[in-house]
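If you're matching them up, the sequences are chains A and W in order.
Taking my numbering as reference, the numbering of the first sequence is continuous, increasing by one, and the terminal residue is 315.
Taking my numbering as reference, the numbering of the second sequence is continuous, increasing by one, and the terminal residue is 639.
Down below is the structure, laid out as structure tokens.
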Amino acid sequence: MAKEITEERKKPIEPGTWRHTLHEMKMNQACYWMMLPFFALFTFFTVIPVVMSLPLGLTSFNLVQFPRYIGLQNFYSLFVNDDIFLIAVKNTLIFAVFTGPFSYVLSFILAWLINEMNPVLKVVFTFIFYAPSMTPSAYVIWQLVFSGDSYGYLNSVLMDFGIINSAKQWLTDTRYMMTVVIIVQLWMSMGAGFLALRAGFQGIDTSLYEAGAIEGIQNRFQELFSITIPAMGPSLLFAAVLAISGAFTVGTVGQQLCGLPSTGYAVHTIMNHANDYGSIRYEMGYASAICFVLFAVMLICNHVIRSVLSKYTDN
Amino acid sequence: MAETALNNQITDSLEAQNAKALKKLKKRQKKRGDIEKAHVKKSKGKHINSSLGGDIAIGILLILLGLFMIFPLYYSIIQSLKPISELFVFPPKLYVLQPTSENYSNLFKVAGNLWVPFSRYVFNSVFVTIVITIMHVFVVCCCAYCLSKCRFPGYYALNQLIVVSMLFTSTATWIMQFVVMAKLGMINSYWALILPNVATSMGLYLMRQNMSTINDAVIDAAKVDGAGAFRTCWQVVIPNQKPAIATLIIFVFQGAWNIQGGALVYKEDLKTLPTIMTQLAASGIARQGIIYASAVVLMIPPLVIFLIAQSNVMETMANSGMKD
Numbered sequence: 001m002a003k004e005i006t007e008e009r010k011k012p013i014e015p016g017t018w019r020h021t022l023h024e025m026k027m028n029q030a031c032y033w034m035m036l037p038f039f040a041l042f043t044f045f046t047v048i049p050v051v052m053s054l055p056l057g058l059t060s061f062n063l064v065q066f067p068r069y070i071g072l073q074n075f076y077s078l079f080v081n082d083d084i085f086l087i088a089v090k091n092t093l094i095f096a097v098f099t100g101p102f103s104y105v106l107s108f109i110l111a112w113l114i115n116e117m118n119p120v121l122k123v124v125f126t127f128i129f130y131a132p133s134m135t136p137s138a139y140v141i142w143q144l145v146f147s148g149d150s151y152g153y154l155n156s157v158l159m160d161f162g163i164i165n166s167a168k169q170w171l172t173d174t175r176y177m178m179t180v181v182i183i184v185q186l187w188m189s190m191g192a193g194f195l196a197l198r199a200g201f202q203g204i205d206t207s208l209y210e211a212g213a214i215e216g217i218q219n220r221f222q223e224l225f226s227i228t229i230p231a232m233g234p235s236l237l238f239a240a241v242l243a244i245s246g247a248f249t250v251g252t253v254g255q256q257l258c259g260l261p262s263t264g265y266a267v268h269t270i271m272n273h274a275n276d277y278g279s280i281r282y283e284m285g286y287a288s289a290i291c292f293v294l295f296a297v298m299l300i301c302n303h304v305i306r307s308v309l310s311k312y313t314d315n
Numbered sequence: 316m317a318e319t320a321l322n323n324q325i326t327d328s329l330e331a332q333n334a335k336a337l338k339k340l341k342k343r344q345k346k347r348g349d350i351e352k353a354h355v356k357k358s359k360g361k362h363i364n365s366s367l368g369g370d371i372a373i374g375i376l377l378i379l380l381g382l383f384m385i386f387p388l389y390y391s392i393i394q395s396l397k398p399i400s401e402l403f404v405f406p407p408k409l410y411v412l413q414p415t416s417e418n419y420s421n422l423f424k425v426a427g428n429l430w431v432p433f434s435r436y437v438f439n440s441v442f443v444t445i446v447i448t449i450m451h452v453f454v455v456c457c458c459a460y461c462l463s464k465c466r467f468p469g470y471y472a473l474n475q476l477i478v479v480s481m482l483f484t485s486t487a488t489w490i491m492q493f494v495v496m497a498k499l500g501m502i503n504s505y506w507a508l509i510l511p512n513v514a515t516s517m518g519l520y521l522m523r524q525n526m527s528t529i530n531d532a533v534i535d536a537a538k539v540d541g542a543g544a545f546r547t548c549w550q551v552v553i554p555n556q557k558p559a560i561a562t563l564i565i566f567v568f569q570g571a572w573n574i575q576g577g578a579l580v581y582k583e584d585l586k587t588l589p590t591i592m593t594q595l596a597a598s599g600i601a602r603q604g605i606i607y608a609s610a611v612v613l614m615i616p617p618l619v620i621f622l623i624a625q626s627n628v629m630e631t632m633a634n635s636g637m638k639d
């Protein structure tokens, strides 16, 4: 035992060399064993399928015949020939800008407000704001609310108050569709991110607040910015990643409320476009290309947000 | 042999010393805590600068927003309690005049007449959900600890991989997933339902982010005390991660409970509850009541888990000194 140690000390291992890496790997052997189950499953069911689907974007694939290589033609027609794709990009960006940051900030504020309540109210309000994620058949109900005839809840309420005098076609009139879908999207968006932020608040060391009070913190906002947000860094980052992927993959709400394709493609998003080609027209090659573009956009967005938030986290 | 004896002796004496020092420290801490508490109390109770008017305004705002959030849930419960005569009243009422359990009894009547006994679907769902939840929590906690607290070669790359994978949409990958699983011979087995859902990156990233707030000194202390990575993870880190674990359990349970199987399982006695509920409800307008009843029944288990997990979170107060 002692001999080994002295031998190791004799030859200091310089960082950056292969030997050093190998040594580090040996030192952290237990870590690799602990990560093995996750990454083994992750490789089989996520990494391999994703890596295998990437080349599909370069092929013409109809799910029946073997994929045929066609080079960058999919991407070419996507940006040059496909007018609807450009509409979808525009809509997706509008949705992302309106729902992403708004739902992110809103779930943070709500989690913060709930955190200051007493224990019972905490559970009740957390449940209320998480409820949309558990509500079954939510779309059916929103369809009833925004129904185009005078019996739709929104129409009948607005007509009772005399705000409008004839029923509005909320789900088929291109002027309103976007707003309606954004509202329902926001309603849906208080899900995982909100709950993670609640957990983050719950995990903050309360002695920090006491210390802050002694140090002379003046008000809630000062407390928020100088104690809460720095302590929440990792949870904020998690919620940001969820918000990004949620904001850019919008489409289900529009599809369920307004149909696919929606009237005049008013709420057609990139995701809808991918679904259209992937599961209706069975042009998997083209659908993969669309997904790849979406992925690239999300990566860039993630990078930007990460660098903004990075001052609060360790990496 | 002698070496161990000596070691034991040393540890014993060290422990005795430690215990003494700890007692002293605790006493001092308590004293200081009292002073601090008094100080905090002086500076206007729990929250500095929280006015009554502001609280009321925030309360009203929260309640209004809450009504908007909870409305569809309320509505589907109300619909499931309506007798057939009220279900088709147009415009639909927001309340029920004669609540009935008719829809629920109809649901179970229909469910009782299936070719495969209904209990089989219940068993499938319960079994799959429980196995996924346990495996997921175990596997993810182990992995998240390493990704957040060990600096091993490949640390940065694996962390990036997890974040990037969360951004990838599955629309185009499901077909390759099917191919991989077919090659592994897992189609039409419980494995097809369980394994792909055990290693999902969202839960891992959640735990990884939460664990990264734990103070490194605590982990170093555990290491010095001779705990390996596994023991450090489960005896030091995990007990301090209750809010995050509760959230993790809510996510994974909800996800697992709603697994439909889809193309991965086509044998009738392997199908899950959501699959069969959709089939039962998909028989046109005559089963309108059953649609809502089955949706409410399906919602109950995740709801119960949610409430248990959340109310447990509230009991754990943050742990002084454990965090950076």
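Even glycine gets a Cβ: it sits at the ideal position worked out from N, Cα and C.
heavy atom of the ligand GDP below 7 Å from residue i C-beta
| i | result |
| --- | --- |
| Val552 (chain W) | Here there are no bound small molecules, and the ligand GDP is not part of this structure. |
With 16 other Cβ atoms within 10 Å as the buried cut-off, status of residue i
| i | result |
| --- | --- |
| Val51 (chain A) | exposed |
| Gly360 (chain W) | In this prediction, Gly360 (chain W) has a pLDDT of 43, which is less than 50 and means its spatial position is unreliable; what the coordinates show is noted afterwards. Exposed: under 16 other Cβ atoms inside 10 Å. |
| Met34 (chain A) | buried |
| Gln413 (chain W) | exposed |
| His303 (chain A) | exposed |
| Arg523 (chain W) | buried |
| Phe225 (chain A) | exposed |
| Leu41 (chain A) | buried |
| Pro15 (chain A) | exposed |
| Leu579 (chain W) | buried |
| Gly577 (chain W) | exposed |
| Ser235 (chain A) | buried |
| Pro326 (chain A) | The shown model of chain A, from 1 to 315, leaves out residue 326 (chain A), and the question about it has no answer. |
Residue from the options whose Cα sits closest to the Cα of residue i
| i | options | result |
| --- | --- | --- |
| Met496 (chain W) | A:Pro234, A:Val47, A:Ser226, A:Tyr104 | A:Val47 |
| Gly57 (chain A) | A:Ala287, A:His303, A:Ile300 | A:Ala287 |
| Tyr470 (chain W) | A:Ile280, A:Ala296, A:Phe39 | A:Phe39 |
| Thr126 (chain A) | W:Pro414, W:Arg466, W:Val425, W:Met384 | W:Met384 |
| Phe102 (chain A) | A:Phe194, A:Leu144, A:Glu116 | A:Phe194 |
| Phe438 (chain W) | W:Leu409, W:Trp572, W:Ile620, W:Lys498 | W:Trp572 |
| Ile623 (chain W) | W:Val611, W:Pro589, W:Ile591, W:Ile564 | W:Ile564 |
| Leu63 (chain A) | W:Asn418, W:Val533, W:Trp489 | W:Trp489 |
| Leu462 (chain W) | W:Leu380, W:Asn525, W:Ser391 | W:Asn525 |
| Ile477 (chain W) | A:Leu242, A:Ser307, A:Leu294 | A:Leu242 |
| Gln255 (chain A) | A:Ser310, A:Leu309, A:Val140 | A:Val140 |
| Tyr436 (chain W) | W:Asn421, W:Leu499, W:Tyr505 | W:Tyr505 |
| Gly369 (chain W) | A:Arg220, A:Ile305, A:Tyr282 | A:Arg220 |
| Ser378 (chain W) | A:Ala192, A:Ile163, A:Ile128 | Going by the sequence as given, residue 378 (chain W) is Ile instead of Ser. Looking at the Cα atoms, A:Ile128 is the closest of the given residues. |
For residue i, the first and last residue of its enclosing alpha helix (DSSP H)
| i | result |
| --- | --- |
| Lys90 (chain A) | 83-115 |
| Tyr389 (chain W) | 367-396 |
| His20 (chain A) | 18-27 |
| Pro511 (chain W) | 505-513 |
| Leu72 (chain A) | From DSSP, Leu72 (chain A) is part of no alpha helix (DSSP H); its letter is neither H nor E. |
| Thr284 (chain A) | The residue you asked about is not Thr; residue 284 (chain A) is Met in the sequence shown. Counting along the chain, the alpha helix (DSSP H) containing Met284 (chain A) begins and ends at 284-309. |
| Trp187 (chain A) | 174-188 |
| Tyr209 (chain A) | 206-215 |
| Asp531 (chain W) | 531-539 |
| Met501 (chain W) | Segment: none, Met501 (chain W) is in no alpha helix (DSSP H) and carries neither H nor E. |
| Gly316 (chain A) | Lying before the first or after the last residue shown, residue 316 (chain A) is absent from chain A, which here runs from 1 to 315. |
Closer than 8 Å to chain C by CB, residue i
| i | result |
| --- | --- |
| Gly543 (chain W) | No chain C is part of this structure, whose protein chains are labelled A and W. |
Contact check, residue i vs residue j, beta carbons under 8 Å
| i | j | result |
| --- | --- | --- |
| Met178 (chain A) | Pro132 (chain A) | no |
| Leu171 (chain A) | Val180 (chain A) | yes |
| Gln271 (chain W) | Leu376 (chain W) | Chain W is shown only over 316 to 639; residue 271 (chain W) falls outside these bounds and no answer can be derived. |
| Leu260 (chain A) | Asn275 (chain A) | yes |
| Ile204 (chain A) | Met232 (chain A) | yes |
| Val120 (chain A) | Gln625 (chain W) | no |
| Leu144 (chain A) | Pro407 (chain W) | yes |
| Glu583 (chain W) | Val431 (chain W) | yes |
| Leu388 (chain W) | Thr252 (chain A) | no |
| Leu519 (chain W) | Ala459 (chain W) | yes |
**Prompt:** On the three-pair Cβ rule with 8 Å, is the region 593-613 of chain W touching the region 391-398 of chain W?
**Reply:** yes
**Prompt:** Looking at C-beta atoms only, is the number of pairs between the region 297-306 of chain A and the region 242-260 of chain A that lie closer than 8 Å three or more?
**Reply:** Here the region 297-306 of chain A lies against the region 242-260 of chain A, with 3 or more beta-carbon pairs under 8 Å apart.
**Request:** Decide if the region 509-518 of chain W is in contact with the region 541-548 of chain W; the criterion is three or more beta carbon pairs, one per stretch, under 8 Å apart.
**Result:** no
**Request:** Taking 8 Å as the threshold, find out whether the region 259-279 of chain A comes into contact with the region 88-95 of chain A through three or more Cβ pairs.
**Result:** yes
**Asked** Do three or more CB pairs link the region 153-164 of chain A to the region 108-120 of chain A at distances below 8 Å?
**Response** Between the region 153-164 of chain A and the region 108-120 of chain A, the count of Cβ pairs shorter than 8 Å is below three; the stretches do not touch.
**Request:** Decide yes or no for the touch test of the region 514-533 of chain W against the region 448-467 of chain W: beta carbon pairs closer than 8 Å, at least 3 of them.
**Result:** yes
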